[in-house]
Amino acid sequence: RGVVARAVYSDSVSDAAAALRGGGIDVAIACGGVTSGEDLDRESLELDQHAYLVELSRQAREALVPLVVLTMSTGSILTDFAGDSAAVLSVFMAGQATGD
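Straight run, no breaks: the sequence shown in full-length UniProt numbering ends on number 100.
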């Protein structure tokens with residue numbers, strides 16, 4: 001059958017949700033991260049895209065499309081989106097060269 005990949009590059013949940021409802025999607029993948037490090041502390045344990053991921057995971061569940069969430073952070077995060085997601089994969093910063 002092959003693999004067909006379609007990307008939706010948008011910070012809008014409604015754009016992503018429309019793609020989910022469009023049909024023909026076997027699995028959706030969403031990413032989130034934090035902008036912090038040794039020089040910048042986080043203000044909360046939420047990912048920068050926390051609200052987006054929470055709403056998108058709810059929309060994916062309603063559309064019956066499994067959602068895999070990929071995260072990259074410097075430490076612990078809130079995962080309110082996990083309950084409506086099929087899977088969550090978290091990568092913690094892998095050292096000073098991460099992102100280079």
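Virtual Cβ for every residue (Gly too), placed ideally from N, Cα, C.
Please read all numbers here as calculations on a predicted model, not as lab measurements.
Please return the same chain residues whose Cβ sits closer than 8 Å to the Cβ of residue i, not counting the five positions on each side in sequence.
i, result
"residue 15", "8"
"residue 34", "42, 47, 48, 72, 73, 74 and 77"
"residue 6", "19 and 25"
Would you kindly report the start and end of the unbroken beta strand (DSSP E) that includes residue i?
i, result
"residue 14", "Here residue 14 belongs to no beta strand (DSSP E); instead the alpha helix (DSSP H) covers 13–21."
"residue 91", "87–92"
"residue 131", "It is not possible to answer for residue 131, since the shown part of the chain is limited to 1 through 100."
"residue 30", "28–33"
Can you tell me whether residue i is buried or exposed? The criterion is at least 16 other CB atoms within 10 Å of its CB, across all chains shown.
i, result
"residue 73", "buried"
"residue 96", "exposed"
"residue 53", "buried"
"residue 67", "buried"
Judging by CA-CA distance, which residue of the options is the nearest neighbour of residue i?
i, options, result
"residue 28", "20, 34 and 41", "20"
"residue 10", "68, 3, 25 and 56", "56"
"residue 93", "17, 36 and 12", "36"
"residue 13", "80, 91 and 50", "50"
Less than 6 Å between C-beta atoms, sequence neighbours within five positions excluded: which residues of the same chain meet that for residue i?
i, result
"residue 70", "31 and 89"
"residue 61", "84"
"residue 63", "20 and 21"
"residue 25", "65"
Excluding the 5 residues flanking residue i on each side, which residues of the same chain have their C-beta closer than 7 Å to its C-beta?
i, result
"residue 76", "45"
"residue 58", "84"
Hey, could you find the ends of the alpha helix (DSSP H) residue i is sitting in?
i, result
"residue 51", "50–62"
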